[in-house]
Amino acid sequence: MASIVNNGIPLVNGMLCAWADVVILIGGVPITGIVGVEYSDEQEVVNKWGAGRHPVGRAKGRITPNGKLILYQEEVQALQAQAPNGRLQDLPPFDVIVQYLPDSGIITTDKIRNCQFSGNSRKWKEGDTGQEVELPLVPSHIEWGGNE
């Protein structure tokens with residue numbers, strides 16, 4: 003694992019990546035009405051057993067990606083305007099690009115590929131001054147950490 007160092011000296015009070023350094027694009031268009039993004043993948047990794055009490059090896063199975071966007075309702079409405087019958091689930095597959103633009107100038111890009119929305123809902127209550135909509139994503143795979 004790499005640590006954050008500068009000329010061999012730990013960067014104690016250095017600038018780390020913040021939300022303001024994150025740019026998210028859907029279909030190549032930067033999204034400004036976004037307040038959160040979550041994405042991950044999990045892979046099945048299992049021990050393989052043979053003679054004795056301990057595993058003799060390991061095997062890897064399928065990779066399951068998932069994600070979620072949290073958008074202001076107005077951003078969701080703009081996406082719905084592009085969808086047949088206003089259903090986000092009917093939009094064709096799209097990529098979500100997450101770029102990290104820290105002060106260091108080294109851009110890192112994660113690509114959440116072939117996404118489709120699997121749900122769309124609203125939750126309002128008294129006193130709300132805006133609506134943040136959580137939209138679950140179904141991606142095909144995630145390309146992690148390419149440098150641009």
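If you're matching positions, the sequence shown starts at 3 in this note's numbering and goes up one per residue. Virtual Cβ for every residue (Gly too), placed ideally from N, Cα, C. Since we're looking at a predicted model, the values are computed, not measured.
* Asked: At a cut of 8 Å, does the stretch 85-94 reach the stretch 61-71 through at least three beta carbon pairs?
  -> no
* To do: Name, in chain order, the residues that DSSP records as bridge partners for E145.
  => Translated into positions along the sequence shown, residue 145 becomes position 143. Note: E145 sits in a beta bridge opposite K113.
* Asked: Looking at C-alpha atoms only, which residue of L27, Q82, G148, C117 is the closest neighbour of S142?
  -> Against the sequence shown, residue 142 aligns to sequence position 140. For S142, the nearest C-alpha among the options comes from C117.
* Asked: How is L18 classed by DSSP in three states: helix, strand or coil?
  -> Indexing the sequence shown from 1 puts residue 18 at position 16. It is coil, neither helix nor strand.
* Just to confirm, are I108 and Q101 a CB contact at a threshold of 8 Å? -> Residue numbering aside, residue 108 sits at position 106 when the sequence shown is read from its first letter. Residue numbering aside, residue 101 sits at position 99 when the sequence shown is read from its first letter. Going by C-beta atoms, I108 is not nearer than 8 Å to Q101.
* Asked: Taking the alpha helix (DSSP H) that L81 falls in, what are its first and last residues?
  -> As a first step, residue 81 must be located in the sequence shown, where it is residue number 79. Looking at the DSSP string, the run of the alpha helix (DSSP H) that includes L81 is 75-82.
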